[in-house]
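What follows is a set of notes on a single structure, which appears directly below.
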Amino acid sequence: MVRDIVRGETIGVVRVANGFDYIVVGAGSAGCAVAARLSEDAHNRVLLLEAGPADRNPWIHVPIGYYRTMFNPRTSRTFVTEPEPELGGRQIDWPRGRVLGGSSSINGLAYVRGQAEDYDHWRQLGNEGWSYADVLPFFRRLETYEGGEDGIRGRSGPLRVGEPEHDMPIMDAFIDAANQAGIPTNPDYNGRVQDGVAKFQLSMTGGRRRSAAVAYLREARKRPNLVIVTGALSERILIENGRAAGIRYRANGIEHEVRAKREIVLSAGAIQSPQLLMLSGIGPADHLRDVGIEPVLDLAGVGQNLQDHFQARAVYRSPVPATLNDVGNSVVNRVKAGLEWFFTRRGPLTVGAGFVVLFWKTREELATPDVQFHVIPFSADRPGQPLHDFSGYVVSVCQLRPESRGELTLRSADPADAPKIVANYLSTATDRQTMVDGMKLIRRVMGQPAMDPWREAEVSPGEACTSDAGLLDHVRKTGGTIFHPTSTCRMGPDGDASAVVDARLRVRGIEGLRVADASIMPSVISGNTNVPAIMIGEKAAAMIREDAR
4 MVRDIVRGET
14 IGVVRVANGF
24 DYIVVGAGSA
34 GCAVAARLSE
44 DAHNRVLLLE
54 AGPADRNPWI
64 HVPIGYYRTM
74 FNPRTSRTFV
84 TEPEPELGGR
94 QIDWPRGRVL
104 GGSSSINGLA
114 YVRGQAEDYD
124 HWRQLGNEGW
134 SYADVLPFFR
144 RLETYEGGED
154 GIRGRSGPLR
164 VGEPEHDMPI
174 MDAFIDAANQ
184 AGIPTNPDYN
194 GRVQDGVAKF
204 QLSMTGGRRR
214 SAAVAYLREA
224 RKRPNLVIVT
234 GALSERILIE
244 NGRAAGIRYR
254 ANGIEHEVRA
264 KREIVLSAGA
274 IQSPQLLMLS
284 GIGPADHLRD
294 VGIEPVLDLA
304 GVGQNLQDHF
314 QARAVYRSPV
324 PATLNDVGNS
334 VVNRVKAGLE
344 WFFTRRGPLT
354 VGAGFVVLFW
364 KTREELATPD
374 VQFHVIPFSA
384 DRPGQPLHDF
394 SGYVVSVCQL
404 RPESRGELTL
414 RSADPADAPK
424 IVANYLSTAT
434 DRQTMVDGMK
444 LIRRVMGQPA
454 MDPWREAEVS
464 PGEACTSDAG
474 LLDHVRKTGG
484 TIFHPTSTCR
494 MGPDGDASAV
504 VDARLRVRGI
514 EGLRVADASI
524 MPSVISGNTN
534 VPAIMIGEKA
544 AAMIREDAR
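What follows is the structure, encoded as structure tokens:
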């Protein structure tokens, strides 16, 4: 029996050829949870297909290592949007994890559930079983966290949650400044309310990243009824008599087919789950014909309703060495930080993409926060670019519930060809004004006395930029994704013509096929999307097991 990770080599193909009860496509945030939970039943033979390699790159497991993996072609695939009309025709890079663990292996480790109201809104749209009360047990099931309330936080789940193992006075000062601006400290923003400022909770423990692969597959891969094949690009769902019967995938340049006796679960993410549906003839019929694919099912919503959090950033210079720029730009300091992490699992290398998080409202009449800050203790022109040569730090703001909607369509019928992505960022007046107001809120906090010792200058957008028009121009010229695409296979009730899956995550019109990842979100949640995607995987596995009884 093959018990280890198979890399699409001959031994894996022979093992796979016998067929499985369930095939899960995509070993990302949701897919790892689905495969691990389904394989808990020894009677279920489960195959997990992942296009990328095993998660052996050592930087994956170092929290700050995302800076070396997010745009690394060995661990991610960078998609690019079409020219964005409201951004002056700029095209935005969208890196997505292409490795065991998916984007949970390359992201900034932020641990955010979203607002209870997000899920209650899903239920109000007609999605039975998706209210906050319904999904809370799955959030609790997936995590181990020592803080917060017992009835709200989980104590024994596979994903361990921690905080940065590093002290940074400049970040403590930002929390004090937020308090001075009237924004309270929230002891648990994943608890009853999200409002406030706090240190980020991170998918990290003991100074090491806890990706979905680490959390779910380290133990599950020992089971003889779970086979994991890496280096396997799924190219088509095999549809027979209205039922998903198998997957055609390519490994080591060779095409293979594998059969599913019960169900196929797509967990390839908000870009590649709809892409695979359309490559298989499931999607808008006219569009499929345009690219030479014979429609199997005319499902208009596939690839539509694309949503993402758009971020804009303010860069500040500290008058004294205080940020990770001072570590990264010094060979001596880099060596010290590396040794500290290696021997103690503490220090600068345990910092994620954000050190402090803030959720607040740009308008008093709002019931819940509409913007989020990521306070980042280093600075660069863009994510993945070289650090600035001064002691810099970033405060970024993103709009939590954008009105703008984009779409994803096929460029061709070639599975290796990246799809066309149109994000339509800032396409509504509300979205534009919210980003301007968010930039003003950054300045309101940064202008407090607590930041005086740490604020030499606002490098970008710069103190000369004072008007709303100037701030909007800055947002348009420098803003981009915060890496949270969702909703391209949206969930909806009967009668919703734009819905791709029902509340049980079953693809409408095709038997034996479900989607379980961030693409099913009817609307993007108010925060980082990794943990909600894992929750979706947990809930999907539970529903599949229930429906099989």
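Using our numbering, you'd call the opening residue of the sequence shown number 4 and step up by one each time.
C-beta atoms are modelled at their ideal positions from N, C-alpha and C, and glycine is treated no differently.
Since we're looking at a predicted model, the values are computed, not measured.
Q | T433, DSSP secondary structure in three states | A | Within the sequence shown, residue 433 is the residue found at index 430, counting from 1. In the structure shown, T433 sits in a helix (DSSP, three-state: H, G or I).
(Q) I need the straight-line Cα distance from S382 to Y319, nearest angstrom please. (A) The residue labelled residue 382 in the question sits at position 379 within the sequence shown. The residue labelled residue 319 in the question sits at position 316 within the sequence shown. Each residue's alpha carbon lies about 8 Å from the other.
Q: May I ask you to verify whether the region 92-105 touches the region 26-43, counting CB pairs closer than 8 Å and requiring at least 3?
A: Contact between the region 92-105 and the region 26-43 is established, with three or more Cβ pairs separated by less than 8 Å.
Q) Going by beta carbon distance, what residues of the same chain come within less than 6 Å of G1, once the five residues before and after it are set aside? A) Since the displayed the chain opens at 4 and closes at 552, residue 1 lies outside it and no answer follows.
Q. Would you report the Cα separation of G295 and I513, rounded to the nearest angstrom?
A. Reading the sequence shown from its first residue, position 292 is the one you call residue 295. Reading the sequence shown from its first residue, position 510 is the one you call residue 513. Taking the straight line joining both Cα atoms gives about 21 Å.
Q) How big is the Cα-Cα spacing for P488 and A317? A) In the sequence shown, the residue the question calls residue 488 occupies position 485. In the sequence shown, the residue the question calls residue 317 occupies position 314. Near 23 Å, if we compare the C-alpha coordinates of A317 and P488.
Q: Give the straight-line distance between the Cα atoms of N308 and M454, rounded to the nearest whole angstrom.
A: Within the sequence shown, numbered from 1, the residue matching residue 308 stands at position 305. Within the sequence shown, numbered from 1, the residue matching residue 454 stands at position 451. Computed Cα separation, rounded: 40 Å.
**Q.** 6 Å Cβ shell around P298 - same chain, five flanking residues per side excluded
**A.** In the sequence shown, the residue the question calls residue 298 occupies position 295. So the qualifying residues of the chain are G284, A288 and L291.
**Q.** Buried versus exposed call for I257 [16 or more other C-beta atoms within 10 Å across all chains shown]
**A.** Indexing the sequence shown from 1 puts residue 257 at position 254. Burial call: exposed.
Q: Can you have a look at M4 and say buried or exposed, based on whether 16 or more other CB atoms are within 10 angstroms of its CB?
A: What you label residue 4 is simply residue 1 of the sequence shown in a count that begins at 1. Caution applies to M4, whose pLDDT of 28 falls short of 50 and renders its modelled position unreliable; the value that the coordinates give is listed next. By the neighbour-count criterion, in which a residue is buried when 16 or more other Cβ atoms sit within 10 angstroms of its Cβ, M4 is exposed.
Q: Return yes when the Cβ of F376 is within less than 8 Å of the Cβ of V354, no when it is not.
A: The sequence position of residue 354 within the sequence shown is 351, counting from 1. The sequence position of residue 376 within the sequence shown is 373, counting from 1. No, these two residues do not count as a Cβ contact at 8 Å.
Q: Could you tell me which residues DSSP pairs with Y25 in its beta bridges?
A: Taking the sequence shown and counting its residues from 1, one reaches residue 25 at position 22. Partner(s): V49 and E266.
Q | Residue nearest to L280 in terms of C-alpha spacing, selected from R251, K202, L403 and K264 | A | The sequence position of residue 280 within the sequence shown is 277, counting from 1. Answer by Cα proximity: R251.
Q. Between which two residues does the beta strand (DSSP E) containing H377 stretch?
A. As a first step, residue 377 must be located in the sequence shown, where it is residue number 374. Element bounds for H377: V374 to I379.
Q | Within 8 Å, strictly: CB atoms of R2 and I274 | A | Beyond the ends of the chain as shown, which are 4 and 552, falls residue 2; an answer cannot be given.
Q: With DSSP collapsed to three states, give me the class of C468.
A: For this step, residue 468 is matched to residue 465 along the sequence shown. If DSSP states are grouped into helix, strand and coil, C468 belongs with coil.
**Q.** Continuous alpha helix (DSSP H) assignments of at least 4 residues falling wholly in the region 110-183
**A.** 119-127, 135-145 and 172-183
Q: Provide the residue(s) that pair with W97 in DSSP beta bridges, ordered along the chain.
A: The count along the sequence shown starts at 1 and reaches residue 97 at position 94. F82.
Q.
Which residue marks the beginning of the beta strand (DSSP E) containing W363, and which one marks its end?
A. Within the sequence shown, numbered from 1, the residue matching residue 363 stands at position 360. It spans V359 to W363 - the beta strand (DSSP E) in which W363 sits, taken as one unbroken run.
Q: May I ask whether a heavy atom of the ligand MN can be found less than 7 Å away from the beta carbon of V448?
A: In the structure on display, the ligand MN does not appear, and there are no ligands present to speak of.
Q: Determine the contact status of I178 and V200, defining contact as a CB-CB distance below 8 Å.
A: Start at 1 with the first residue of the sequence shown, and residue 178 comes out as number 175. Start at 1 with the first residue of the sequence shown, and residue 200 comes out as number 197. Cβ distance < 8 Å, so I178 and V200 count as in contact.
**Q.** Nearest neighbour of I67, chosen from G450, C401, S206 and A271 [CA to CA]
**A.** Here residue 67 refers to the residue found at position 64 when the sequence shown is read from its first residue. Ranking G450, C401, S206 and A271 by Cα distance to I67 puts S206 first.
(Q) Any contact between the region 149-165 and the region 217-226? By contact I mean 3 or more CB pairs, one from each, below 8 Å. (A) Two segments are said to touch when three or more pairs of C-beta atoms, one from each, lie closer than 8 Å; by this definition the region 149-165 touches the region 217-226.
Q | Burial state of R158 (16 or more Cβ within 10 Å) | A | Your numbering for residue 158 matches position 155 in the sequence shown. Counting Cβ neighbours within 10 Å, R158 comes out exposed, since fewer than 16 surround it.
Q: Quick one: measure Cβ to Cβ for T433 and E406, integer angstroms, because I've assumed they're closer than 8 Å.
A: The residue labelled residue 433 in the question sits at position 430 within the sequence shown. The residue labelled residue 406 in the question sits at position 403 within the sequence shown. Between E406 and T433 the Cβ distance is about 5 Å, and since that is below 8 Å, they are a contact.
Q: Could you check if D520 is buried or exposed, using at least 16 other CB atoms within 10 Å of its CB as the buried criterion?
A: Counted from its first residue, the sequence shown places residue 520 at position 517. D520 comes out buried.
Q) Buried or exposed: which applies to S79, given that a residue is buried once 16 or more other Cβ atoms fall within 10 Å of its Cβ? A) Reading the sequence shown from its first residue, position 76 is the one you call residue 79. Classification of S79: buried, given that the 10 Å Cβ count is 16 or more.
Q. Using DSSP with H/G/I as helix, E/B as strand and the rest coil, what is C492?
A. In the sequence shown, residue 492 corresponds to position 489, counting from 1. Three-state DSSP puts C492 in coil, outside helix and strand.
Q.
Taking 8 Å as the threshold (C-beta atoms), are H477 and N350 in contact?
A. For this step, residue 350 is matched to residue 347 along the sequence shown. For this step, residue 477 is matched to residue 474 along the sequence shown. The question names Asn, but residue 350 is Gly in the sequence shown. Taking 8 Å as the Cβ cut-off, G350 and H477 do not qualify as a contacting pair.
Q: For R246, name the three-state secondary structure that DSSP assigns.
A: Counting from one through the sequence shown, the residue named residue 246 turns up at place 243. DSSP places R246 in strand when its eight states are reduced to three.
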